[in-house]
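Visitor:
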Amino acid sequence: MINNIELIFPEIFISLSIMFLLILGVFKKNSSKIIHNISLLVLLITAVITFNETIGTSRTIIFNESIVIDYLSSFMKIITLISAFVVLLISSNYLKNFKIFKIEYPILILSSVLGMMIMISSNDLIVFYMGLELQSLALYVLATFNRDQLKSSEAGLKYFVLSALSSGLLLYGCSLIYGFTGSTNFNVIATQFNTNEYALTFGIVFILVGLAFKISAVPFHMWAPDVYEGSPTSVTLFFTMVPKIAALTVFIRFLYVPFLNLIDQWQMILVFLSIASMLFGAIAAIGQKNLKRLIAYSSISHVGYALAGLATGSNDGIQSSVIYMTIYVIMNLGFFSCLLMMKRNNVYYEQIDDLSGLSKNHPLLSISLLIILFSLAGIPPLAGFFAKFYIFKSVIEQSMYFLAIVGLLSTVVAAFYYLRIIKIMYFDEEKDSYDKDHSLWLKLSLTVSTVLILMYFVFPSELIDAVSKINII
Amino acid sequence: MNFPILSSLILLPSIGALFLFFTRSKSENKITVKYVALFTSLVNFFLSIYLWFLFDQTTSAFQFVEERVWIEGLINYKVGVDGISILFIVLTTFITPLCIISVNNSVTKRLNEFLIAILVMETFMIGVFCSLDLVVFYLFFEAGLIPMFLIIGIWGGARRVYSAFKFFLFTLLGSVLMLVAIISIYWITGTTDVVQLYELGIDAKYQNLLWLAFFSSFAVKTPMWPVHTWLPDAHVEAPTAGSVLLAAILLKMAGYGFIRFSLGLFPSASEVFTPLIYALSVIAIIFTSLIALMQEDMKKLIAYSSVAHMGFVTLGIFTIQQQGIEGSIIQMISHGLVSAALFLCVGVVYDRMHSRLINTYGGIVTIIPKYAVLFMVFTLAALGLPGTSGFVGEFLILMAAFKDNFLVAVLASLGVIIGAAYMLWLYKRVIFGKLINSELKKMIDLNKSEAFTLTCLAIPTLYFGFFPEPLINTIEVSISDLINTYNYSVASK
Numbered sequence: 002m003i004n005n006i007e008l009i010f011p012e013i014f015i016s017l018s019i020m021f022l023l024i025l026g027v028f029k030k031n032s033s034k035i036i037h038n039i040s041l042l043v044l045l046i047t048a049v050i051t052f053n054e055t056i057g058t059s060r061t062i063i064f065n066e067s068i069v070i071d072y073l074s075s076f077m078k079i080i081t082l083i084s085a086f087v088v089l090l091i092s093s094n095y096l097k098n099f100k101i102f103k104i105e106y107p108i109l110i111l112s113s114v115l116g117m118m119i120m121i122s123s124n125d126l127i128v129f130y131m132g133l134e135l136q137s138l139a140l141y142v143l144a145t146f147n148r149d150q151l152k153s154s155e156a157g158l159k160y161f162v163l164s165a166l167s168s169g170l171l172l173y174g175c176s177l178i179y180g181f182t183g184s185t186n187f188n189v190i191a192t193q194f195n196t197n198e199y200a201l202t203f204g205i206v207f208i209l210v211g212l213a214f215k216i217s218a219v220p221f222h223m224w225a226p227d228v229y230e231g232s233p234t235s236v237t238l239f240f241t242m243v244p245k246i247a248a249l250t251v252f253i254r255f256l257y258v259p260f261l262n263l264i265d266q267w268q269m270i271l272v273f274l275s276i277a278s279m280l281f282g283a284i285a286a287i288g289q290k291n292l293k294r295l296i297a298y299s300s301i302s303h304v305g306y307a308l309a310g311l312a313t314g315s316n317d318g319i320q321s322s323v324i325y326m327t328i329y330v331i332m333n334l335g336f337f338s339c340l341l342m343m344k345r346n347n348v349y350y351e352q353i354d355d356l357s358g359l360s361k362n363h364p365l366l367s368i369s370l371l372i373i374l375f376s377l378a379g380i381p382p383l384a385g386f387f388a389k390f391y392i393f394k395s396v397i398e399q400s401m402y403f404l405a406i407v408g409l410l411s412t413v414v415a416a417f418y419y420l421r422i423i424k425i426m427y428f429d430e431e432k433d434s435y436d437k438d439h440s441l442w443l444k445l446s447l448t449v450s451t452v453l454i455l456m457y458f459v460f461p462s463e464l465i466d467a468v469s470k471i472n473i474i
Numbered sequence: 003m004n005f006p007i008l009s010s011l012i013l014l015p016s017i018g019a020l021f022l023f024f025t026r027s028k029s030e031n032k033i034t035v036k037y038v039a040l041f042t043s044l045v046n047f048f049l050s051i052y053l054w055f056l057f058d059q060t061t062s063a064f065q066f067v068e069e070r071v072w073i074e075g076l077i078n079y080k081v082g083v084d085g086i087s088i089l090f091i092v093l094t095t096f097i098t099p100l101c102i103i104s105v106n107n108s109v110t111k112r113l114n115e116f117l118i119a120i121l122v123m124e125t126f127m128i129g130v131f132c133s134l135d136l137v138v139f140y141l142f143f144e145a146g147l148i149p150m151f152l153i154i155g156i157w158g159g160a161r162r163v164y165s166a167f168k169f170f171l172f173t174l175l176g177s178v179l180m181l182v183a184i185i186s187i188y189w190i191t192g193t194t195d196v197v198q199l200y201e202l203g204i205d206a207k208y209q210n211l212l213w214l215a216f217f218s219s220f221a222v223k224t225p226m227w228p229v230h231t232w233l234p235d236a237h238v239e240a241p242t243a244g245s246v247l248l249a250a251i252l253l254k255m256a257g258y259g260f261i262r263f264s265l266g267l268f269p270s271a272s273e274v275f276t277p278l279i280y281a282l283s284v285i286a287i288i289f290t291s292l293i294a295l296m297q298e299d300m301k302k303l304i305a306y307s308s309v310a311h312m313g314f315v316t317l318g319i320f321t322i323q324q325q326g327i328e329g330s331i332i333q334m335i336s337h338g339l340v341s342a343a344l345f346l347c348v349g350v351v352y353d354r355m356h357s358r359l360i361n362t363y364g365g366i367v368t369i370i371p372k373y374a375v376l377f378m379v380f381t382l383a384a385l386g387l388p389g390t391s392g393f394v395g396e397f398l399i400l401m402a403a404f405k406d407n408f409l410v411a412v413l414a415s416l417g418v419i420i421g422a423a424y425m426l427w428l429y430k431r432v433i434f435g436k437l438i439n440s441e442l443k444k445m446i447d448l449n450k451s452e453a454f455t456l457t458c459l460a461i462p463t464l465y466f467g468f469f470p471e472p473l474i475n476t477i478e479v480s481i482s483d484l485i486n487t488y489n490y491s492v493a494s495k
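So the protein lines, in turn, are chains A and B. Using this note's numbering, you'd call the opening residue of the first sequence number 2 and step up by one each time. Using this note's numbering, you'd call the opening residue of the second sequence number 3 and step up by one each time.
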């Protein structure tokens, strides 16, 4: 029972740190800065521990087969930790500006990361649900973090109500599956179920609905634009990437471990979710005026592409989805770094029109944003193209031509709204310039993500090599 | 092969662009940045001439091949040239420095960025013509959209935003289907290496769909009727240098693609779809020539004439005869020179009068005689007068067409006549006639750099009109080999 405990060191370390930081926050006055810094350190150390302890381990299932540690889990955990680290790193100025630079912020991020790590490693419906709720509860609070603003509170409430509903559906699905297989453990379910049981399919559908809600796939996306717009920008950045990584991992585990044999049942659902998200995200983004809403729709359509990879039912597909998410995270970090730089006299601007003529006053900022946007649109030779290329490669391998063609056509639609931003930046008349005294970390994160996107084509094999060890089937 | 000459050709302009990017802060000195760009592109030009000099005309195999593993087990970076592609590379490196010289007046703001865009564009264009891997080809083919979008959008005319979007979205829409086809080829045959694909061949049952997917991309880029509508808009709004690049080189990517990929990879599908291409080409030739006749805007007129000329090119390619394809390539080279020159000519008068409308002008032959002479050379070359390069291409194409299909050839010849009509009428209205607009008297004749660029273009136009041998010798073996392979695979089906 206590064997292999070193494999969950990262989780143990992060939970102890959370408790320590809470106590520190209670007893030490004005400790927000120090807690912020310690949290950064904790995230970094956890990533290092994960990298050192577990990445080399072959698939190990511990604690009554309820936790699984394999390459996929380690890889996803590291991405989660690093992106949470960057979010925390670049959000301090933004938070200070709104006077919400409080001890709770880093601690909440740490707890949600802990929840996600549990989700990523879960091999059991109960463990998975526990992780999901831990991360969700932290996220509700984060959404309302700027509580003096009406929009932020509204966002949190909306997220809470809808998310609770979807959790309910998810739990109902879990209970159905438990009822018809007699277990909540993925491995046991895999051996127990009877393919003729339609109720089991119902269970899968309910769980998929719950998960689709968490990654905001169409038609369960309604909450995303409002919540993304209302939440503080740094929290929006967190929302657009980190929970999706965890939820996508659960998607992979849940569909490919117990229910691979039922692929005929769930493949259609995934194809539908994927096509609907890609198209809807692309079309709905056209009319947006607010950059955060726009990026919400854009993230919906990006999730569609990641799901397209999962819909293939092949190892290649899983790998391409993971690559897609990784590149998406980098592009998103770059985009939000730009967004966090649009500040003038302590006011943050987030309308698309506020970018007008940016290229004249801020040539470097706008060239970075240009590269990021073309990459989001999937134009070669930038990283975004390769992400889509791998997805469609695995989709076409399974002869799912319809999915591939719809997906590629929706990139054309999506290109329109990315081009619109570029048009406003480069072709329109300039406005007042924005502040230039950004924190070093913000500049660094923008530079690094831009360079990674731009130069990805030089070393495309590195990421593929890293991902190619993921082996689920 | 020791020195990676093709990779150098591809990379050099980008290195120049990078250099310009980092000198950005001190860019007040406009002359310096221009010389840096010019120097880079000239070095590239001489390198490509050297390449042509080294090129072995007696073989159809790919030469100067470089191959490197790029994505393990998936894509190899592979470049090489044969008789079909080398001329396009030389054309690209020849036109780019002329573009850079011509930016004097037309680009007033952000010169530095403009030159960067042009140099990056050159990288992509050369990449398209060198690449011997479908994915690498696609990469370069698509990447060219980014700088061109910016060139039209930032430095363009009044309706630049509309035109830039139209250009980008049309081309992207055409290309995505090609990406599906490329990935399908990978799964069908296990490789995207063009040389291997030539040897392996693709199963005939897949060819029709794949051909159509490639066609959708090339047809938009050529552009063929009815998807040509982006071209007049893009040409009219683009700054002069942008129009030149667009007309001289970007359009040739599609013609090149038809020869290299549609004919080379899908012979039996090409046979099936030849009537389609014939029909569209003839419509393009006659219909767009008639449209060109009615244009009031000089740039638009030349843009429509480009569509008509490209109609000849596609017609020639799909006659699938030695003369036809040779004619098409020469027609593309000639059109590259002539349309570039015509756009520069329009740019010259536009810079002085800020109007592209034909009825602004008239009777300027006495005011700017040098211009009138050079403009005449290119007008005559555009309508295919014997002794200019335009004639050689059109003549070969029509000859091949007559052998294959009499009706098509007659209709296409009709297009030649309309072509003569609109070009001569344009020339008459702009240069001759009464001098009504008194403002025109203030016009100054060609300055040194304008005269230089136009003369540079006039010399090869006339030279290849009289002595097309250097061109034909270069392409001959590659084309006859291509046709043999084609006939073999069609017959063996």
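We treat Cβ as the ideally placed atom computed from N, Cα and C, and that holds for glycine.
(1) Can you list, in chain order, the residues of the segment 190–217 of chain B whose Cβ is nearer than 7 angstroms to any Cβ on chain A?
(2) Just to check my reading of the structure: A:Tyr-130 and A:Leu-163 have Cβ atoms closer than 8 angstroms, yes? What is that Cβ distance to the nearest angstrom?
(3) Nearest by alpha-carbon distance to B:Val-238: which of B:Ala-249, B:Val-229, B:Pro-228 is it?
(4) Which ranges does the alpha helix (DSSP H) cover as unbroken runs of at least 4 residues, wholly within the segment 89–138 of chain A, from first to last along the chain?
(5) So, do the segment 400–414 of chain B and the segment 317–335 of chain B have three or more beta carbon pairs nearer to each other than 8 angstroms?
(6) Under the three-state reduction of DSSP, which class applies to A:Tyr-435: helix, strand or coil?
(7) Look at the Cβ atom of A:Ser-338, then the Cβ atom of A:Ala-312, and state whether they are nearer than 8 angstroms.
(8) Indicate whether B:Glu-201 and B:Phe-314 have their beta-carbon atoms separated by less than 8 angstroms.
(9) May I have the straight-line CA-CA distance separating B:Ile-156 from B:Tyr-164, to the nearest angstrom?
(10) Would you call B:Met-296 buried or exposed, if buried means 16 or more other Cβ atoms sit within 10 Å of its Cβ?
(11) Which residue's Cα is closest to the Cα of B:Thr-362: B:Gly-349, B:Asn-439, B:Phe-289?
(12) Can you list, in chain order, the residues of its chain with a C-beta nearer than 7 angstroms to that of A:Ile-39? Leave out the 5 residues immediately preceding and following it.
(13) Is there at least one Cβ from chain A nearer than 8 angstroms to B:Glu-144's Cβ?
(14) On the three-state DSSP scale, how would you describe A:Ser-400?
(15) Below 7 angstroms on C-beta distance, what does B:Ser-186 contact in chain A?
(16) Taking C-beta pairs closer than 8 angstroms, name the residues in chain A that B:Glu-74 reaches, listed in chain order.
(17) Where DSSP assigns a beta bridge to A:Ile-62, which residues make up the other side?
(18) Please list, in chain order, the chain A residues whose beta carbon lies closer than 7 angstroms to that of B:Leu-152.
(19) In whole angstroms, give me the CA-to-CA distance for A:Val-236 and B:Leu-339.
(20) Give me the Cα-Cα distance between A:Val-272 and A:Asp-429, rounded to the nearest whole angstrom.
(21) Unbroken alpha helix (DSSP H) runs of length 4 or more, entirely within the segment 108–192 of chain B: which are they?
(22) Alpha carbon to alpha carbon, how far is B:Pro-99 from A:Ser-369? Give it in angstroms, no decimals.
(23) Thinking C-alpha only, which one of B:Ser-391, B:Val-410, B:Met-445 is nearest B:Lys-372?
(24) Which term fits A:Leu-359, buried or exposed, when burial requires 16 or more other beta carbons within 10 angstroms of its beta carbon?
(25) Where A:Ile-452 and B:Gly-392 are concerned, what is the direct C-alpha to C-alpha distance, given to the nearest angstrom?
(26) Tell me whether the beta-carbon of B:Ser-480 lies closer than 8 angstroms to the beta-carbon of B:Pro-269.
(27) Across which residues does DSSP place B:Tyr-79 in a beta bridge pair?
(28) Would you mind stating whether A:Gly-379 and A:Thr-327 have Cβ atoms separated by less than 8 angstroms?
(29) Can B:Val-182 be considered in contact with the ligand SAH, in the sense that its beta carbon sits closer than 7 angstroms to one or more heavy atoms?
(30) What separation, rounded to the nearest whole angstrom, lies between the Cα atoms of B:Lys-36 and B:Asn-114?
(31) Just verifying my parser: in three-state terms, what is the DSSP assignment at B:Leu-409?
(32) Taking 8 angstroms as the CB-CB limit, is A:Pro-259 close to chain B?
(33) How long is the line joining the alpha carbons of B:Gly-82 and B:Tyr-188, rounded to whole angstroms?
(34) Which one or two residues does DSSP pair with A:Val-1 in a beta bridge?
(35) Please report whether the beta-carbon of A:Ala-307 lies at a distance below 8 angstroms from any beta-carbon of chain B.
(36) Cβ closer than 8 angstroms: which chain B residues qualify as neighbours of A:Ala-416?
Guide: If we stick to the structure as given:
(1) none
(2) Reading the first sequence from its first residue, position 129 is the one you call residue 130 of chain A. Reading the first sequence from its first residue, position 162 is the one you call residue 163 of chain A. 17 angstroms between Cβ atoms; not a contact.
(3) Here the question's residue 238 of chain B lines up with position 236 in the second sequence. Taking only the C-alpha atoms, the option nearest B:Val-238 is B:Ala-249.
(4) 105–122
(5) yes
(6) As a working note, residue 435 of chain A is residue 434 in the first sequence. Reduced to three states, the DSSP call for A:Tyr-435 is coil.
(7) Walking along the first sequence from the start, residue 338 of chain A turns up at place 337. Walking along the first sequence from the start, residue 312 of chain A turns up at place 311. Their beta carbons are not under 8 angstroms apart, which means A:Ser-338 does not touch A:Ala-312 by this criterion.
(8) Against the second sequence, residue 201 of chain B aligns to sequence position 199. Against the second sequence, residue 314 of chain B aligns to sequence position 312. For B:Glu-201 and B:Phe-314, no; Cβs fall outside 8 angstroms.
(9) Residue 156 of chain B sits at position 154 when you count from the first residue of the second sequence. Residue 164 of chain B sits at position 162 when you count from the first residue of the second sequence. Going by the C-alpha atoms only, they are around 12 angstroms apart.
(10) Against the second sequence, residue 296 of chain B aligns to sequence position 294. Classification of B:Met-296: exposed, given that the 10 Å Cβ count is below 16.
(11) Position 360 of the second sequence, counting from 1, holds the residue named residue 362 of chain B. The option with the nearest alpha carbon to B:Thr-362 is B:Asn-439.
(12) On the first sequence, position 38 is the one that residue 39 of chain A refers to. Same-chain partners within the cutoff: Leu-22.
(13) Your numbering for residue 144 of chain B matches position 142 in the second sequence. True, the Cβ-Cβ gap to chain A drops below 8 angstroms.
(14) Numbered from its first residue, the first sequence carries residue 400 of chain A at position 399. Three-state DSSP puts A:Ser-400 in coil, outside helix and strand.
(15) Working through the second sequence from its first residue, we reach residue 186 of chain B at position 184. Ordered by position in chain A, the residues that pass the 7 angstroms Cβ test against B:Ser-186 are Ile-397.
(16) Numbered from its first residue, the second sequence carries residue 74 of chain B at position 72. In chain order: Ser-462, Ile-465, Asp-466.
(17) Reading the first sequence from its first residue, position 61 is the one you call residue 62 of chain A. Partner(s): A:Val-69.
(18) The residue labelled residue 152 of chain B in the question sits at position 150 within the second sequence. Residues of chain A passing the Cβ test: Tyr-427.
(19) Within the first sequence, numbered from 1, the residue matching residue 236 of chain A stands at position 235. Within the second sequence, numbered from 1, the residue matching residue 339 of chain B stands at position 337. If I take the Cα positions, the gap works out to 56 angstroms.
(20) Against the first sequence, residue 272 of chain A aligns to sequence position 271. Against the first sequence, residue 429 of chain A aligns to sequence position 428. For A:Val-272 and A:Asp-429, the distance between alpha carbons rounds to 39 angstroms.
(21) 113–132, 136–145, 147–157, 162–191
(22) Against the first sequence, residue 369 of chain A aligns to sequence position 368. Against the second sequence, residue 99 of chain B aligns to sequence position 97. Going from the Cα of A:Ser-369 to the Cα of B:Pro-99 covers about 28 angstroms.
(23) Residue numbering aside, residue 372 of chain B sits at position 370 when the second sequence is read from its first letter. The candidate whose alpha carbon is nearest that of B:Lys-372 is B:Met-445.
(24) Here residue 359 of chain A refers to the residue found at position 358 when the first sequence is read from its first residue. By the neighbour-count rule (16 or more Cβ atoms within 10 Å), A:Leu-359 is buried.
(25) Along the first sequence, read from residue 1 onward, the residue named residue 452 of chain A stands at position 451. Along the second sequence, read from residue 1 onward, the residue named residue 392 of chain B stands at position 390. Per the sequence presented here, residue 452 of chain A reads as Val, with Ile not at that position. Those two C-alpha atoms are separated by around 46 angstroms.
(26) As a working note, residue 480 of chain B is residue 478 in the second sequence. As a working note, residue 269 of chain B is residue 267 in the second sequence. Cβ atoms of B:Ser-480 and B:Pro-269: not closer than 8 angstroms.
(27) Position 77 of the second sequence, counted from the start, is the residue given in the question as residue 79 of chain B. In the DSSP output, where bridge partners are listed per residue, B:Tyr-79 has B:Arg-70.
(28) Residue numbering aside, residue 379 of chain A sits at position 378 when the first sequence is read from its first letter. Residue numbering aside, residue 327 of chain A sits at position 326 when the first sequence is read from its first letter. It is not a contact, given that the beta carbons lie outside the stated cut-off.
(29) In terms of ligand content, the structure shown is empty, and the ligand SAH therefore cannot be addressed.
(30) Start at 1 with the first residue of the second sequence, and residue 36 of chain B comes out as number 34. Start at 1 with the first residue of the second sequence, and residue 114 of chain B comes out as number 112. Cα to Cα, B:Lys-36 sits roughly 8 angstroms from B:Asn-114.
(31) Looking up residue 409 of chain B in the second sequence gives position 407. Helix.
(32) As a first step, residue 259 of chain A must be located in the first sequence, where it is residue number 258. With 8 angstroms as the cut-off, A:Pro-259 does not count as an interface residue toward chain B.
(33) Here residue 82 of chain B corresponds to residue number 80 of the second sequence, with the count starting at 1. Here residue 188 of chain B corresponds to residue number 186 of the second sequence, with the count starting at 1. Approximately 20 angstroms, taken between the alpha carbons.
(34) Given that chain A is displayed from residue 2 to residue 474, the structure contains no residue 1 of chain A and the question cannot be resolved.
(35) As a first step, residue 307 of chain A must be located in the first sequence, where it is residue number 306. No, its Cβ sits nowhere closer than 8 angstroms to a Cβ of chain B.
(36) Here residue 416 of chain A refers to the residue found at position 415 when the first sequence is read from its first residue. Within chain B, the residues near A:Ala-416 are Phe-170, Leu-171, Leu-174.
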